[in-house]
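If you count the sequence shown from 1, you need to add 1 to reach my numbering.
In what follows, a single structure is set out as structure tokens and then discussed.
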Amino acid sequence: MRVILLSIILFFIIFCTSTAQWRLLNEQPTYGFAANPKNPKTLFVGGIGRQIFRSYDAGNTWDTLVVEFKTGTTRFTNIFIHPVDTNIIIIGGLGFGTIMRSKDAGNSWDTVSIVPEVLSPLTLPGESIIADVNNSDIIYAADLFSSSIYRSLDRGLSWDSISSIRAPALCTITMLPNGSMFAGCTGGTIHKSIDAGFTWRQVAKVITNEGDDAEIPRIVFSKRNPLVGYAVASYFYYLLRPSGGLFTTEDGGETWRLISFADTSLWSLAVRTIGTEDEVFVGGYTDDFGAPQRVPGQGIVRRSQNSGKNWLRIDQTIAWTDTIHRNAWMMKFVGDLRETERLYMATEAGFFVMDEPSDINNKLLENDTDMWDALLQNNILSISYPKEFSDKLNLSVELTSLIGERIFKTIANGERVFQVQNCPKGIVVCEISDGFTRKHQLLISE
Numbered sequence: 002m003r004v005i006l007l008s009i010i011l012f013f014i015i016f017c018t019s020t021a022q023w024r025l026l027n028e029q030p031t032y033g034f035a036a037n038p039k040n041p042k043t044l045f046v047g048g049i050g051r052q053i054f055r056s057y058d059a060g061n062t063w064d065t066l067v068v069e070f071k072t073g074t075t076r077f078t079n080i081f082i083h084p085v086d087t088n089i090i091i092i093g094g095l096g097f098g099t100i101m102r103s104k105d106a107g108n109s110w111d112t113v114s115i116v117p118e119v120l121s122p123l124t125l126p127g128e129s130i131i132a133d134v135n136n137s138d139i140i141y142a143a144d145l146f147s148s149s150i151y152r153s154l155d156r157g158l159s160w161d162s163i164s165s166i167r168a169p170a171l172c173t174i175t176m177l178p179n180g181s182m183f184a185g186c187t188g189g190t191i192h193k194s195i196d197a198g199f200t201w202r203q204v205a206k207v208i209t210n211e212g213d214d215a216e217i218p219r220i221v222f223s224k225r226n227p228l229v230g231y232a233v234a235s236y237f238y239y240l241l242r243p244s245g246g247l248f249t250t251e252d253g254g255e256t257w258r259l260i261s262f263a264d265t266s267l268w269s270l271a272v273r274t275i276g277t278e279d280e281v282f283v284g285g286y287t288d289d290f291g292a293p294q295r296v297p298g299q300g301i302v303r304r305s306q307n308s309g310k311n312w313l314r315i316d317q318t319i320a321w322t323d324t325i326h327r328n329a330w331m332m333k334f335v336g337d338l339r340e341t342e343r344l345y346m347a348t349e350a351g352f353f354v355m356d357e358p359s360d361i362n363n364k365l366l367e368n369d370t371d372m373w374d375a376l377l378q379n380n381i382l383s384i385s386y387p388k389e390f391s392d393k394l395n396l397s398v399e400l401t402s403l404i405g406e407r408i409f410k411t412i413a414n415g416e417r418v419f420q421v422q423n424c425p426k427g428i429v430v431c432e433i434s435d436g437f438t439r440k441h442q443l444l445i446s447e
């Protein structure tokens, strides 16, 4: 009973503490994006029909780039900006058939040289164009149908095929700071390379049904702990279950296990560190257009602030354009500093930003305020509350862990600053209450 009660309390706390909302920046369907590594306000967002939307002011205004000609249903799912020469942009996607490169920030485009010559159209569904972590002039690309890895040594001007993965199709690649590479494939398999993509071995088959329709479109490792990683799985045919979900590894990618969203088709994934936990965002996807409810995933956007243990729904304010196309194609954090970091999301309902994705308080408090607020720094807890509560003698202040363990509790008695002894590092919950009104807020203890 105690475990059940704590679970209910934890769900209530996490559900009530988030007020962050998505803000629509571009109402066109979008599929992939990148920010200029030297100027995160410059955004390139992939659209449909060979269009790319470019903004120099963090999405307030846009111009539209047409790659050669505007036509068809081409979806740009991959946009790569070179971290040193940010005028170099490399693009690929679905229904595009090749990789193209710009050397003038998207004003003109050239088809790259690929050896051997590709006989079938190149298809890049998940994040499939990445730079080498040790040399940004080396760039990798992964093709869906051939399961081939291509490498460029000259900033994307020319490409060679260096390997093929033994899988029905290849959806995404990523590289860790130690140089290890991981690939997500159809059939629900994850593969690893320790020699810069020349050889691969399968480390996990996370989807074990009899079909091969499950895909692993995104793999992200934690910056907090490089042994911890996350992968999402999508699927298309409702009878092929178990399938879909969010998976994690705690041993550097050697083994993986399902942690949430069983039988739910997920496509996008973003991870950042808050305290001793990972903040994880996932977005859903389904191609079951006849009856999308048979494959749960459409319109789903969720967030966890404790490494995937508990989840909050954050898709209520997204104005999906229709009942079918409700896919979240890409999520990514942009910016290196917590004060400037933003979470962007490309969806078929448009391009969105969440300005304060972690919803963790990080500002100095004022005594004269009409707001509830709290700040925890160096074991000092500072609180603020509306003026009408200043004279209440029974105003209590409490800190608890995410599993409900009490860390600190006192009666304010008009005070606003408190010393907290032995506060553990990580995320804690602050509750301010007069017995009738209860306000909860997540704080980081560092």
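Idealized CB from N, CA, C, for every residue including glycine.
Here the structure is a predicted model, which is why all the values come from computation and not from measurement.
Distance, Cα to Cα, F419 vs L400? Numbered from 1 along the sequence shown, position 418 holds the residue referred to as residue 419. Numbered from 1 along the sequence shown, position 399 holds the residue referred to as residue 400. F419 and L400 have their C-alpha atoms some 11 Å from each other.
Taking only the alpha-carbon atoms, compute the straight-line gap between T265 and V430 and give it to the nearest angstrom. Working through the sequence shown from its first residue, we reach residue 265 at position 264. Working through the sequence shown from its first residue, we reach residue 430 at position 429. Approximately 30 Å between the Cα atoms of the pair.
Contact set for V302: own chain, Cβ-Cβ below 6 Å, skip 5 residues either direction: Indexing the sequence shown from 1 puts residue 302 at position 301. Cβ neighbours of V302 beyond the five flanking positions: G284, I315, D316, A329.
Please determine, among D323, E278, E280, F282, the residue with the shortest C-alpha to C-alpha distance to Q299. Numbered from its first residue, the sequence shown carries residue 299 at position 298. Taking only the C-alpha atoms, the option nearest Q299 is D323.
Please confirm whether I100 and A35 have their CB atoms less than 9 Å apart. In the sequence shown, the residue the question calls residue 100 occupies position 99. In the sequence shown, the residue the question calls residue 35 occupies position 34. Taking 9 Å as the Cβ cut-off, I100 and A35 do not qualify as a contacting pair.
According to DSSP, is I10 part of a helix, a strand, or is it coil? Numbered from 1 along the sequence shown, position 9 holds the residue referred to as residue 10. Confidence at I10 is low in this model, with a pLDDT of 41, below 50, so the placement of that residue is unreliable and no value is reported for it.
Kindly list the residues whose CB is nearer than 6 Å to the CB of A197, restricted to its own chain and excluding five residues on each side of it in sequence; keep chain order. Position 196 of the sequence shown, counted from the start, is the residue given in the question as residue 197. Around A197: no qualifying Cβ.
For the segment 193–210 against the segment 240–257, do three or more pairs of beta-carbon atoms, one drawn from each stretch, fall closer than 8 Å, so that the two count as touching? Proximity of the segment 193–210 to the segment 240–257 meets the contact definition, three or more beta-carbon pairs being nearer than 8 Å.
Exposure of N368, with buried meaning 16 or more beta-carbon neighbours within 10 Å: As a working note, residue 368 is residue 367 in the sequence shown. For N368, the pLDDT reaches just 45, beneath the cut-off of 50, and the residue's location in the model is therefore unreliable, although a value from the coordinates is still provided. The residue in question, N368, is exposed, as its Cβ has fewer than 16 Cβ neighbours within 10 Å.
Less than 9 Å between the beta carbons of P30 and G127, yes or no? The sequence position of residue 30 within the sequence shown is 29, counting from 1. The sequence position of residue 127 within the sequence shown is 126, counting from 1. The Cβ-Cβ distance between P30 and G127 does not fall below 9 Å.
Counting C-beta neighbours from all protein chains within 10 Å, is the total for S261 16 or more, i.e. buried, or is it exposed? Along the sequence shown, read from residue 1 onward, the residue named residue 261 stands at position 260. With at least 16 other beta carbons inside 10 angstroms of its own, S261 counts as buried.
For T200, which residues from the same chain have a beta carbon less than 8 Å from its beta carbon, with the 5 sequence-adjacent residues on both sides left out? Counting from one through the sequence shown, the residue named residue 200 turns up at place 199. So the list reads S164, S194, once near-sequence residues are dropped.
For K393, which of helix, strand or coil comes out of DSSP? For the purposes of this step, residue 393 is taken as residue 392 along the sequence shown, with counting starting at 1. If DSSP states are grouped into helix, strand and coil, K393 belongs with coil.
Under DSSP, the beta strand (DSSP E) around N40 begins and ends at which residues? By one-based count along the sequence shown, residue 40 stands at place 39. It spans 40–47 - the beta strand (DSSP E) in which N40 sits, taken as one unbroken run.
So, F237 versus T287, is the Cβ gap smaller than 9 Å? The residue you call residue 237 lines up with position 236 of the sequence shown. The residue you call residue 287 lines up with position 286 of the sequence shown. Cβ distance < 9 Å, so F237 and T287 count as in contact.
Report yes if the C-beta of A184 is less than 8 Å from at least one heavy atom of the ligand HEM; otherwise report no. This structure does not include the ligand HEM; it has no bound ligands of any sort.
For N363 and E278, what's the separation of their Cα atoms in angstroms? Translated into positions along the sequence shown, residue 363 becomes position 362. Translated into positions along the sequence shown, residue 278 becomes position 277. Low confidence applies to N363: its pLDDT is 39, below 50, so where it sits in the model is not reliable enough to give any reading.
Quick check on the burial criterion: 16 or more other C-beta atoms within 10 angstroms. Buried or exposed for R258? On the sequence shown, residue 258 is found 257 positions in, with the first residue counted as 1. Counting other Cβ atoms within 10 Å of its Cβ, R258 stays below 16 and is therefore classed as exposed.
By Cβ distance below 7 Å, which residues in the same chain neighbour C172 in space, the five residues on each side in sequence not counted? Here residue 172 refers to the residue found at position 171 of the sequence shown. Result list for C172: P126, G127, L145, G185, C186, T187, E216, I217, P218, in chain order.
If you reduce the DSSP assignment to three classes, tell me which class R295 lands in. Indexing the sequence shown from 1 puts residue 295 at position 294. It is helical.
In whole angstroms, give me the CA-to-CA distance for V68 and I433. If you number the sequence shown from 1, residue 68 lands on position 67. If you number the sequence shown from 1, residue 433 lands on position 432. Between V68 and I433, the C-alpha separation is close to 55 Å.
Which whole-angstrom value is the C-beta distance of R1 and G336, which I expect to be below 8 Å? This structure gives no information on residue 1, because the portion of the chain shown stretches from 2 to 447.
Using the rule of at least 16 other Cβ atoms within 10 Å of the residue's Cβ for burial, across every protein chain shown, is T348 buried or exposed? In the sequence shown, counting from the first residue as 1, residue 348 sits at position 347. The residue in question, T348, is buried, as its Cβ has 16 or more Cβ neighbours within 10 Å.
Could you give the distance in angstroms between the alpha-carbon of P425 and the alpha-carbon of N61? Position 424 of the sequence shown, counted from the start, is the residue given in the question as residue 425. Position 60 of the sequence shown, counted from the start, is the residue given in the question as residue 61. Between P425 and N61, the alpha-carbon positions lie close to 40 Å from each other.
Using the Cβ count rule (16 or more neighbours within 10 Å means buried), how would you classify P387? Numbered from 1 along the sequence shown, position 386 holds the residue referred to as residue 387. So P387 counts as exposed.
Is the Cβ-Cβ distance between T175 and V229 less than 9 Å? In the sequence shown, the residue the question calls residue 175 occupies position 174. In the sequence shown, the residue the question calls residue 229 occupies position 228. Cβ distance not < 9 Å, so T175 and V229 don't count as in contact.
Note down the Cα distance separating P169 from Y239, rounded to an integer number of angstroms. Locating residue 169 in the sequence shown gives position 168, where the first residue counts as 1. Locating residue 239 in the sequence shown gives position 238, where the first residue counts as 1. Distance between the alpha carbons of P169 and Y239: 19 Å.
When you compare only the Cα positions, how much space is there between V233 and L66? In the sequence shown, the residue the question calls residue 233 occupies position 232. In the sequence shown, the residue the question calls residue 66 occupies position 65. Using only the alpha carbons, I get a separation of about 31 Å.
Range of the contiguous beta strand (DSSP E) that encloses M346: By 1-based counting over the sequence shown, the position of residue 346 is 345. It spans 343–348 - the beta strand (DSSP E) in which M346 sits, taken as one unbroken run.
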